[in-house]
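Chemist:
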Amino acid sequence: MHQTHKLAPVTHIGFLFSTGYVVAIDMTARNVQDSAKRAGLPWSIAKGFDTFSPISSLISKSAIPDPHNATLHLEVDGVSKQLDNTGLMIYKIPRQLADISRVMTLDPGDLVLTGTPKGVGEVTNGQVMTAGIRVDGKEIEEGMLEVMVKDREGTYEFAEN
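So the sequence shown is numbered by UniProt numbering: it starts at 1 and just counts up by one.
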């Protein structure tokens with residue numbers, strides 16, 4: 001994959017899918033997010049803490065022939081919290097990448113998280129999150145992910161200089 005800027009969603013569909021996929025868990029520190037919102041400050045910091053975006057191994061594109069027809073799942077301590085098909089995405093992957101590339105350049109190795117199934121919720125210290133992706137009912141081994149939830153040491157507070 002080479003650097004991309006200002007892609008057209010239809011004409012670049014083959015190119016856009018050329019690298020592969022990963023399963024990612026997009027974490028948010030809601031307490032930091034809420035505090036930032038109340039103060040009228042940017043809340044992107046709430047997504048940027050170390051360990052907040054665990055990802056699976058790279059999944060080859062051949063393992064997911066149609067990225068708009070796969071099932072994503074996430075369990076917390078064995079209890080299903082998210083289970084949905086990628087066909088429910090409001091904007092398909094080519095459109096998302098085209099829109100992003102109008103604002104910023106996409107480089108080889110960049111990760112783009114394309115959405116979250118319903119069922120977002122809180123996790124607490126000691127819980128275990130497992131996630132993955134299935135195609136035609138079969139689990140894709142490279143997409144399996146297991147994460148032990150750990151409280152972050154220390155605190156973070158917004159402060160004006």
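Note that the Cβ used here is the ideal one computed from N, Cα and C, for glycine as well.
Spell out a yes or no on whether the segment 81 to 91 and the segment 45 to 60 are touching, meaning 3 or more CB-CB pairs, one atom from each, closer than 8 Å.
Modeler: no
Chemist: So, with DSSP's three-state summary, where would you put residue 110?
Modeler: Locating residue 110 in the sequence shown gives position 110, where the first residue counts as 1. Of the three classes helix, strand and coil, the one that applies to residue 110 here is coil, per DSSP.
Chemist: Are residue 81 and residue 74 close, meaning C-beta to C-beta below 7 Å?
Modeler: For the purposes of this step, residue 81 is identified with residue 81 of the sequence shown, where counting begins at 1. For the purposes of this step, residue 74 is identified with residue 74 of the sequence shown, where counting begins at 1. Going by C-beta atoms, residue 81 is nearer than 7 Å to residue 74.
Chemist: Our contact map puts residue 33 next to residue 76 with C-beta atoms below 8 Å; I'd like the distance itself, whole angstroms only.
Modeler: Position 33 of the sequence shown, counted from the first residue, corresponds to residue 33. Position 76 of the sequence shown, counted from the first residue, corresponds to residue 76. The pair is not a contact, with the Cβ atoms about 20 Å apart (cut-off 8 Å).
Chemist: Is the beta carbon of residue 56 closer than 7 Å to that of residue 143?
Modeler: As a working mapping, residue 143 is identified with position 143 in the sequence shown. As a working mapping, residue 56 is identified with position 56 in the sequence shown. Yes, the Cβ-Cβ distance between residue 143 and residue 56 is below 7 Å.
Chemist: What number of angstroms, rounded off, separates the C-alpha of residue 104 from the C-alpha of residue 121?
Modeler: Translated into positions along the sequence shown, residue 104 becomes position 104. Translated into positions along the sequence shown, residue 121 becomes position 121. Residue 104 and residue 121: Cα-Cα distance of roughly 30 Å.
Chemist: In the DSSP assignment, find the unbroken beta strand (DSSP E) run with residue 82 in it and report its ends.
Modeler: In the sequence shown, residue 82 corresponds to position 82, counting from 1. 79 to 85 is the extent of the beta strand (DSSP E) around residue 82.
Chemist: I need the straight-line Cα distance from residue 138 to residue 132, nearest angstrom please.
Modeler: For this step, residue 138 is matched to residue 138 along the sequence shown. For this step, residue 132 is matched to residue 132 along the sequence shown. Residue 138 and residue 132 have their C-alpha atoms some 11 Å from each other.
Chemist: Just to confirm the assignment, what range does the beta strand (DSSP E) spanning residue 134 have?
Modeler: The count along the sequence shown starts at 1 and reaches residue 134 at position 134. Per DSSP, residue 134 belongs to the beta strand (DSSP E) from 128 to 135.
Chemist: State yes or no: is the C-beta of residue 58 within less than 7 Å of the C-beta of residue 20?
Modeler: Here residue 58 refers to the residue found at position 58 of the sequence shown. Here residue 20 refers to the residue found at position 20 of the sequence shown. Cβ distance < 7 Å, so residue 58 and residue 20 count as in contact.
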